[in-house]
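Numbering (the numbering used here), first residue to last: 644 to 762.
Here's what the structure looks like:
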């Protein structure tokens with residue numbers, strides 16, 4: 644088991660989720676149950692799955708949950724890009740979120756490789 648509060652990737656994912664929630668305030672009200680909801684769910688899934696994996700009993704299980712978090716990160720990226728393409732989000736306002744998302748994806752990959760080498 645890993646102490647989730649000590650994981651930099653988890654802290655960055657928490658920050659990402661906070662930033663995503665703030666950007667979602669700019670989405671139109673009619674997207675409340677559409678893209679807005681999907682974006683929020685995908686962003687919450689990232690730190691949540693990191694935390695769930697950290698609480699598991701083996702590195703193999705942790706890698707599995709990191710993989711799910713990684714999938715959610717790509718889902719979130721797709722939804723943010725779609726929001727820009729649909730002119731619901733401002734590209735400049737989400738650039739910092741995309742950069743943080745890319746950083747988390749890279750950290751996730753490296754962390755998975757490290758955990759796999761210890762299995």
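Yeah, the Cβ is synthetic: ideal placement off N, Cα and C, and Gly gets one too.
Q.
Can you look up residue 723 in the DSSP assignment and give me helix, strand or coil?
A. helix
Q | Rounded C-alpha distance that separates residue 690 from residue 675 | A | 22 Å
Q. Taking buried to mean at least 16 other C-beta atoms within 10 Å of its own C-beta, is residue 660 buried or exposed?
A. buried
(Q) For the region 697-712 against the region 729-741, do three or more pairs of beta-carbon atoms, one drawn from each stretch, fall closer than 8 Å, so that the two count as touching? (A) no
Q: Given a cut-off of 8 Å, decide if residue 652 and residue 750 are closer than it, judged by their beta-carbon atoms.
A: yes
Q) Any idea what DSSP makes of residue 669, helix, strand or coil? A) coil
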